[in-house]
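>
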Amino acid sequence: MSMISRDRALESLLDLSGRPVGRSRPELLSTALQYATQLVDAAAASIVVQRGRRTHRFTLRSGSTAAEPTEHPPDDAEASPTLLHRQRPLVLAEVGADERVAPGDRFPGLEAGPAMFVPLKLRDHESAYLAVCRSQGAPGFVAEEVRVVTLLAAWMAMALENLRLAESVERLAVTDDLTQVYNFRFLKTALRREIKRATRFHQDLALIMIDVDNLKGYNDRHGHLRGSFLLREMARVLAQQVRSWDLVAKYGGDEFTIILPQTMAEGALAAAERLRAAVEDHTFPLAGRGAITISLGVACYPVDGDVAAELLEVADRALYVAKQRGRNCVERPTRLAA
2 MSMISRDRAL
12 ESLLDLSGRP
22 VGRSRPELLS
32 TALQYATQLV
42 DAAAASIVVQ
52 RGRRTHRFTL
62 RSGSTAAEPT
72 EHPPDDAEAS
82 PTLLHRQRPL
92 VLAEVGADER
102 VAPGDRFPGL
112 EAGPAMFVPL
122 KLRDHESAYL
132 AVCRSQGAPG
142 FVAEEVRVVT
152 LLAAWMAMAL
162 ENLRLAESVE
172 RLAVTDDLTQ
182 VYNFRFLKTA
192 LRREIKRATR
202 FHQDLALIMI
212 DVDNLKGYND
222 RHGHLRGSFL
232 LREMARVLAQ
242 QVRSWDLVAK
252 YGGDEFTIIL
262 PQTMAEGALA
272 AAERLRAAVE
282 DHTFPLAGRG
292 AITISLGVAC
302 YPVDGDVAAE
312 LLEVADRALY
322 VAKQRGRNCV
332 ERPTRLAA
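Each residue of the sequence shown is one higher than the one before, counting from 2 in the numbering used here.
Here is the structure:
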C-alpha cells in the first residue's frame, strides 16, 4: 500500500470515528462497508453476524450505497462456522479454492478471487466477521491492507456495540419496567403523532382504555408481587390480540391503553370485544379461567375528540361506564353536552 493510500486510510478511520454514521444498523453497516471497498479497492465487502441459530449477512458491492441483507435459517450450510469463530484474519489468494469457506461466504453472484476474512469482536452470544474480496485475476491482499481492514473491523465492532447500547437506553426510556409495553409518556407522544397522521390523510383512529377488574382483591389474596406478575401476563395477552401496527401502553396502576390507527368505531368495538373475550378465556396464575376480566372504554377520532387529551378523557369516561355496569364489558358513550 502506498503512502497516499495509508494517509487515506487514516483519514477514513478518523472520519468514521468523528461523525455519526446513521441511527440504524443497516445505515451503519452500509457506511462501513462502503469504506471497506474503497480503502482496499475491493469488488465487494460483507459482514456476517450469527445470532443464536440464525446467520445474518449484509453485502455491498463496489459503487453501491446500500448493503443487501440476507438471512440464513438454522443449520444452513451456506454459512461457515469456521469463519465465524476464527480469532485471526484469514487471507486467501483464491476464495473458491479453499474448503474452509462455505458457498455462501464466497460472495455469490461475483467471480470472486482474492478474499480476506477478519473477525469482529462482538458480544459473547454473537459471532461475526468482516470480509472483502476482489475479482478473479486481481492482485491479492498485502499485509498493510490486512491491518487497515482489521482496524476497520475493530471500529465496526465498537460502533455496533454503541448502537446496541443506545437502542437499549432508548427502549428503556419508553418502556414500562413491569409490563414491558410502552409507558404513559410514550403513549402521549404516539397518540399526538397518530392524530396528526389521521388528520393529514383523513383517516380514522380509535383508542381503547382498559382496566383490570378486581385486581385489588387478587392482590389482597396473593400479594402485590403476584399482582405484578398478573399485570405482566395481562400485557402479553393484550399484545397478542392486536395488529402489529397497533400500540399497547401502560396507562396507570392497572390500566392499559391501545391506539388503533386506521380504525373506525365498528372495528374498534370488535377489537375491544376480542380483547375482553381473550382475557376472560385466559387462565392466569392462581386464578381459574374467567376469574380475571377487564372492562374497556372506546373513543374514536374525530367524532369523540380531535386532540389527545380529549380522546383519553372520552375513553376514560367510557371505561367508567363499563365498570359501573358490572365490569367485563365494552362501552363507548357519547361526548358530554356543552
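By construction, the Cβ of each residue, glycine as well, lies at the ideal position given by its N, Cα and C atoms.
For Ile196 versus Ala309, is the C-beta spacing smaller than 8 Å?
Yes; because the gap between Cβ atoms is below 8 Å, this pair is in contact.
> Say whether the segment 312-332 touches the segment 293-301, bearing in mind that this needs 3 or more beta-carbon pairs closer than 8 Å, one atom from each stretch.
Yes, since at least three Cβ pairs between the segment 312-332 and the segment 293-301 fall closer than 8 Å, the two stretches touch.
> With C-beta atoms as the reference, is Leu153 less than 8 Å away from Ala37?
Yes; because the gap between Cβ atoms is below 8 Å, this pair is in contact.
> Smallest Cα separation from Pro90: which of Ala316, Glu145, His223, Gly53?
Per the Cα distances, Glu145.
> Provide the residue span of the alpha helix (DSSP H) that contains Val238, from first to last.
Start and end: 225-241.
> Could you tell me the alpha carbon to alpha carbon distance between Gln30 and Ala46, rounded to whole angstroms?
Correcting the residue type first, residue 30 is Leu in the shown sequence and not Gln. C-alpha separation (whole angstroms): 10 Å.
> How long is the line joining the alpha carbons of Ile209 and Gln181, rounded to whole angstroms?
One C-alpha to the other measures close to 18 Å.
> Within this structure, are the beta carbons of Pro70 and His57 separated by less than 8 Å?
Cβ atoms of Pro70 and His57: closer than 8 Å.
> Could you name the residues that DSSP lists as bridge partners for Thr258?
Bridge partners of Thr258: Met210, Ala250.
> Can you check whether the CB of Leu320 is closer than 8 Å to the CB of Asp247?
The answer is no: Cβ separation not under 8 Å.
> If you run the structure through DSSP and keep just helix, strand and coil, what is Thr60?
Note: Thr60 maps to strand in three-state DSSP.
> Excluding the five sequence neighbours on either side, which residues of its own chain have a C-beta within less than 8 Å of the C-beta of Val22, listed in chain order?
Caution is warranted here: a pLDDT of 47 is assigned to Val22, below 50, making its placement in the model unreliable, and the coordinate value is therefore given only provisionally. Cβ neighbours of Val22 beyond the five flanking positions: Glu28, Leu29, Thr32, Ala33, Ala160.
> Compute the distance between the beta-carbons of Ala279 and Val249, then report whether it is under 8 Å.
No, they are not a contact pair.
> In the structure shown, what three-state DSSP assignment does Val22 receive?
Unreliable positioning characterises Val22 in this predicted model, as indicated by a pLDDT of 47, which lies under 50. A coordinate reading is not provided.
> Helix, strand or coil for Gln39, going by three-state DSSP, please let me know.
Of the three classes helix, strand and coil, the one that applies to Gln39 here is helix, per DSSP.
> By alpha-carbon positions, which one of Val119, Gly289, Asp205 ends up nearest to Asp305?
When only C-alpha atoms are compared, the closest one is Asp205.
> Can the beta-carbon of Arg290 be found closer than 8 Å to that of Asp282?
Cβ atoms of Arg290 and Asp282: closer than 8 Å.
> Rounded to the nearest angstrom, what separates Asn184 and Ala167 at their Cα positions?
Spanning the two alpha carbons is a distance of roughly 18 Å.
> Could you tell me the distance, in whole angstroms, from the CA atom of Ser81 to the CA atom of Gly64?
Near 27 Å, if we compare the C-alpha coordinates of Gly64 and Ser81.
> Among the residues of its own chain, which have a CB less than 7 Å from the CB of Leu270, if the five just before and after it don't count?
Excluding positions up to five away in sequence, the list reads Val299, Val331, Arg333.
> Which value, in whole angstroms, describes the spacing of the CA atoms of Lys251 and Thr294?
Taking the straight line from one Cα to the other gives about 17 Å.
> Using alpha carbons as the reference points, say which of Met265, Gln325, Val50, Glu267 lies closest to Glu127.
Glu127 has its Cα closest to that of Val50, out of Met265, Gln325, Val50, Glu267.
> Can you tell me whether Pro334 is helix, strand or coil according to DSSP?
It is coil, neither helix nor strand.
> Once you ignore the five residues that flank Arg233 on each side, which residues in its own chain have a CB closer than 8 Å to its CB?
These residues qualify, in order along the chain: Leu179, Thr180, Gln181.
> Name the residue from Asn215, Asn220, Glu267 whose alpha carbon lies nearest to the alpha carbon of Gly327.
Residue Asn215 is the option with its Cα nearest to Gly327.
> Going by other Cβ atoms of all chains shown within 10 Å of its Cβ, with 16 needed for buried, is Arg135 buried or exposed?
Its Cβ being crowded by 16 or more others within 10 Å, Arg135 is buried.
> Tell whether a beta-carbon distance below 8 Å holds between Leu287 and Arg201.
No, these two residues do not count as a Cβ contact at 8 Å.
> What's the gap between the Cα of Val147 and the Cα of Leu111?
Computed Cα separation, rounded: 21 Å.
> Within 10 Å of its beta-carbon, does Arg348 have 16 or more other beta-carbons around it, so buried, or fewer, so exposed?
The structure shown does not extend to residue 348, since the chain spans only 2 to 339, so no value can be given for it.
> Under 8 Å, do Ala120 and Phe142 count as touching if we go by C-beta distance?
The identity of residue 120 in the sequence shown is Pro, whereas the question assumes Ala. Cβ distance not < 8 Å, so Pro120 and Phe142 don't count as in contact.
> Among Ala113, Ala273, Leu40, whose alpha-carbon lies nearest the alpha-carbon of Ala207?
It is Ala273.
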